[in-house]
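Just so you know, the sequence shown maps onto residues 57 to 557 in this note's numbering. Even for Gly, the Cβ is constructed at its ideal location relative to N, Cα and C.
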Amino acid sequence: MKRLSRYVVLALFGAATLTGCEKNFLDVNDNPNQTISATPQLLLSGALNRTTSNLTLNFNQLGNLWAGYWAPPTDFLYYIDEKQYNVTSSFNVASWETTFDILNDYQELERISTEANLPVYAGIAKIMKAYGFQHLVDAYNNVPFSEALQATAVIRPKYEPGQTVYEGSLALIDAGMQSIKSAGASAVRPGNDDIFFGGNTTKWLKFANTLKLRMLIRQSEVPGRQAYITAEIAKIVAEGSGFIGAGESVLSNPGYLNSSGKLNPFWERYYANSAGSLTDYYRATRPTVFVINKYESNADPREARMYATVSGAYKGVELGRNSGDADAINYKANVTSPLLPGGGVLKSGTQPTMILSSFESLFLQAEAVQRGWLTGDAQALYNAGVAESFAFLGVANAAASAATYIAQPKQNVNFPTSTNKIQAIIFQKWLSLNSINGWEAWNDFRRTGYPADNPLSVDAVTPKHPVRLFYPNSELGTNGEEVAKQGALDPFNSRVFWDVN
57 MKRLSRYVVL ALFGAATLTG CEKNFLDVND NPNQTISATP QLLLSGALNR
107 TTSNLTLNFN QLGNLWAGYW APPTDFLYYI DEKQYNVTSS FNVASWETTF
157 DILNDYQELE RISTEANLPV YAGIAKIMKA YGFQHLVDAY NNVPFSEALQ
207 ATAVIRPKYE PGQTVYEGSL ALIDAGMQSI KSAGASAVRP GNDDIFFGGN
257 TTKWLKFANT LKLRMLIRQS EVPGRQAYIT AEIAKIVAEG SGFIGAGESV
307 LSNPGYLNSS GKLNPFWERY YANSAGSLTD YYRATRPTVF VINKYESNAD
357 PREARMYATV SGAYKGVELG RNSGDADAIN YKANVTSPLL PGGGVLKSGT
407 QPTMILSSFE SLFLQAEAVQ RGWLTGDAQA LYNAGVAESF AFLGVANAAA
457 SAATYIAQPK QNVNFPTSTN KIQAIIFQKW LSLNSINGWE AWNDFRRTGY
507 PADNPLSVDA VTPKHPVRLF YPNSELGTNG EEVAKQGALD PFNSRVFWDV
557 N
């Protein structure tokens, strides 16, 4: 695990991004261990920006492949380990290394903000540390927490149970919210350096509560946790700031420009560079047969905002199809549907990046109400979540189209018709998160088993869906004793604490 933060690099990046300056936009410090001062403003923008890229390019990509959305066409050798479920200590190491590196930046932000009596900045740092630890637990279960982020003071931090880290992260969020709320009228507050909310602390509090709700609902299937979840949600309600609502998606925008290295990261990887040349990832990323069938069997107009047609039809690929398959010619890039340029997830190269959508928040609230943990109208929240998804993707006459869609007397579409309300909520949430936050969709699949018919890769080395990642080789080398204490791990059976299905 990396101990030394690259916060100076992030500070330089944040400053250049926010000013739109051509020079030094992505400068990398040749000596990251050299002591150079950085202001909270520069640290904040840089850390939030790296969080954005980490979510979009690491977690989102893996989730999209394992939650049933993406597959490579047969003429592209991409996503090989993902489609084979070849989970080793060399697989997806950025999920660990980059996340801990960013956590070090938030740790440094909290330290210097506390010393400078900047409680809003310190509060944001605490909230974002909890955000990072949640992702680590969801991927690895037991991770360093209370002894983590101490640089050379603790070079081999102990691992703590995933449930303990979750509880500690919820406490971090509480502390962060209190720090923000305690700031007086004269306190220094973020402005453009806050690339999520522009310094709007009301939205930070809503975001924090929504993160808490996500973490609590993640534990919905764990025996003996119901009283704890109920009590924690009651605390959120009593706090009073509420959740992310309709029209309030958490979006990151450091000042994207149509220039190399300055574009929206999703656009730049999965569509085109600043010169307009299509990327190999764009050519190598196709919808699955599975997701196409889900759209079409439910007359879902979002399909037309996600993909381009080929010969007048939408065509997907089964995850794991290979060039040597007998019918591989039917699943090549030129005969399968790419993501739609100008569509719902490829609006422009300077579009904001989604961090937490209004529709995810509404579906979380709908589930909490349906389970009896929140008061409210589960159907109204469900319907609002669908409508927000339609609006975000740019479906024509979104509100009316969503109303027509959910009026269909179909299971998992029309809420009153659906016999399993939780399944309906998760299914519509799954449809809404396609390519936007595949990581959360994969988490829901592990937690609930929905969609229940999410197919296995046809090229899987083990005929089971993976349930976790392995600790990376870098951690084995630097903190091997703690890794060994976690026992013999199996990516198909060693589940994270909240995955009991």
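Along the alpha helix (DSSP H) that carries Thr154, what are the first and last residues, could you check? Looking at the DSSP string, the run of the alpha helix (DSSP H) that includes Thr154 is 150 to 171.
What do you get for Leu133, buried or exposed, if any count of 16 or more other CB atoms within 10 angstroms of its CB means buried? Result: exposed.
Just to confirm my understanding: we take Glu351, look at its own chain, exclude 5 residues before and 5 after, and list those with CB closer than 7 Å. What are they? The residue you asked about is not Glu; residue 351 is Tyr in the sequence shown. Counting only Cβ-Cβ distances below 7 Å, and skipping sequence neighbours, we find Arg358, Glu359.
Kindly indicate the opening and closing residues of the beta strand (DSSP E) around Val306. In the DSSP annotation of this structure, the continuous segment of the beta strand (DSSP E) that includes Val306 starts and ends at 306 to 308.
May I have the straight-line CA-CA distance separating Leu545 from Phe526, to the nearest angstrom? Approximately 8 Å, taken between the alpha carbons.
Cα-Cα separation between Ser445 and Leu159, rounded to whole angstroms: Whole-angstrom Cα-Cα distance: 31 Å.
So is Lys318 buried or exposed if we call it buried at 16+ other beta carbons inside 10 Å? Buried, since its Cβ has 16 or more Cβ neighbours within 10 Å.
Excluding five sequence neighbours on each side, which residues of the same chain lie with their C-beta closer than 7 Å to the C-beta of Leu272? So the qualifying residues of the chain are Ile285, Glu288, Ile289.
If you run the structure through DSSP and keep just helix, strand and coil, what is Thr144? Note: Thr144 maps to coil in three-state DSSP.
Given a cut-off of 8 Å, decide if Val278 and Trp554 are closer than it, judged by their beta-carbon atoms. Yes, Cβ-Cβ distance for Trp554 and Val278 is below 8 Å.
For Leu437 and Phe419, I'd like the C-alpha separation in whole angstroms. Rounded to the nearest angstrom, the two C-alpha atoms are 7 Å apart.
Three CB pairs or more closer than 8 Å across the stretch 184 to 195 and the stretch 220 to 227: Enough Cβ pairs lie closer than 8 Å, so yes.
Between which two residues does the alpha helix (DSSP H) carrying Leu192 extend? Run containing Leu192: 175 to 196, per the alpha helix (DSSP H) assignment.
Cβ neighbour criterion (16 or more within 10 Å) applied to Lys262: With 16 or more other Cβ atoms inside 10 Å of its own Cβ, Lys262 counts as buried.
Report yes if the C-beta distance between Ala424 and Leu267 is below 8 Å; otherwise report no. Result no, Cβ atoms of Ala424 and Leu267 do not sit closer than 8 Å.
Are the CB atoms of Ala328 and Tyr312 within a distance shorter than 8 Å? For Tyr312 and Ala328, no; Cβs fall outside 8 Å.
Looking only at its own chain, which residues have a Cβ that is under 6 Å from the Cβ of Lys139, when we skip the five neighbours before and after it? Only Leu375, Gly376, Ser513, Asp515 meet the Cβ criterion.
In terms of residue numbering, what span does the beta strand (DSSP E) encompassing Thr409 cover? Thr409 -> beta strand (DSSP E) spans 409 to 412.
Look at the Cβ atom of Arg524, then the Cβ atom of Pro547, and state whether they are nearer than 8 Å. Between Arg524 and Pro547, the gap from beta carbon to beta carbon is short of 8 Å.
Residue closest to Thr155, alpha-carbon to alpha-carbon, out of Leu174, Ala195, Tyr125, Gly124: When C-alpha distances from Thr155 are compared across Leu174, Ala195, Tyr125, Gly124, the shortest belongs to Ala195.
State buried or exposed for Ala72, treating a residue as buried only when at least 16 other CB atoms are found within 10 Å of its CB. Because the pLDDT of Ala72 is 38, which lies under 50, any placement of that residue in the model is unreliable, and the question is left without a value.
Supposed contact pair Ala207 and Pro213 - C-beta distance, whole angstroms, cut 8 Å: With a Cβ gap of about 11 Å, Pro213 and Ala207 do not count as contacting.
For Val29, does the three-state DSSP call read helix, strand or coil? Absent from the structure is residue 29, since the part of the chain shown begins at 57 and ends at 557.
What does the alpha-carbon distance come out to for the pair Val199 and Tyr370? In a straight line, the C-alpha of Val199 is about 42 Å away from that of Tyr370.
Let me make sure I understand the geometry here. Which of Asp381, Thr335, Gly124, Gly428 has the alpha-carbon closest to that of Ala283? Closest in alpha carbon position to Ala283, among Asp381, Thr335, Gly124, Gly428, is Gly428.
Taking only the alpha-carbon atoms, compute the straight-line gap between Ala103 and Val347 and give it to the nearest angstrom. Approximately 34 Å, taken between the alpha carbons.
Between Leu228, Asp250, Gly441, which lies nearest to Leu100 when the distance is taken from Cα to Cα? With respect to the C-alpha of Leu100, the residue from Leu228, Asp250, Gly441 having the closest C-alpha is Asp250.
Please name the residue, chosen from Asn378, Val345, Arg361, that lies closest to Phe448 on a Cα-to-Cα basis. When Asn378, Val345, Arg361 are compared, the shortest CA-CA separation from Phe448 is found for Arg361.
Residues in its own chain within less than 6 Å of Gly398 by CB, not counting five upstream and five downstream? In the same chain as Gly398, and ignoring 5 residues on each side of it, no C-beta atom comes closer than 6 Å to its own.
Taking its Cβ as the centre, do 16 or more other Cβ atoms sit within 10 Å of Asp509, making it buried, or is it exposed? When all chains shown are included, Asp509 counts as exposed.
Counting pairs of beta carbons, one from the stretch 381 to 401 and one from the stretch 290 to 309, are three or more of them closer than 8 Å? Pairwise C-beta distances place the stretch 381 to 401 out of contact with the stretch 290 to 309, as fewer than three of them are shorter than 8 Å.
Over the uninterrupted alpha helix (DSSP H) stretch that includes Ser235, give me the two end residues. Its alpha helix (DSSP H) spans residues 218 to 238.
Skipping 5 residues on each side, what residues in its chain have a beta carbon closer than 8 Å to that of Ser228? The residue asked about is misnamed: residue 228 is Leu in this sequence, not Ser. Hits under 8 Å: Lys182, Ile183, Lys185, Ala186, Phe189.
First through last residue of the alpha helix (DSSP H) which encompasses Leu267: For Leu267, the uninterrupted alpha helix (DSSP H) segment begins and ends at 257 to 273.
Residues that DSSP places opposite Trp126 in a beta bridge: Trp126 pairs with Pro343.
Across which residues does DSSP place Tyr215 in a beta bridge pair? The partner list for Tyr215 (beta bridge, DSSP) reads Pro200.
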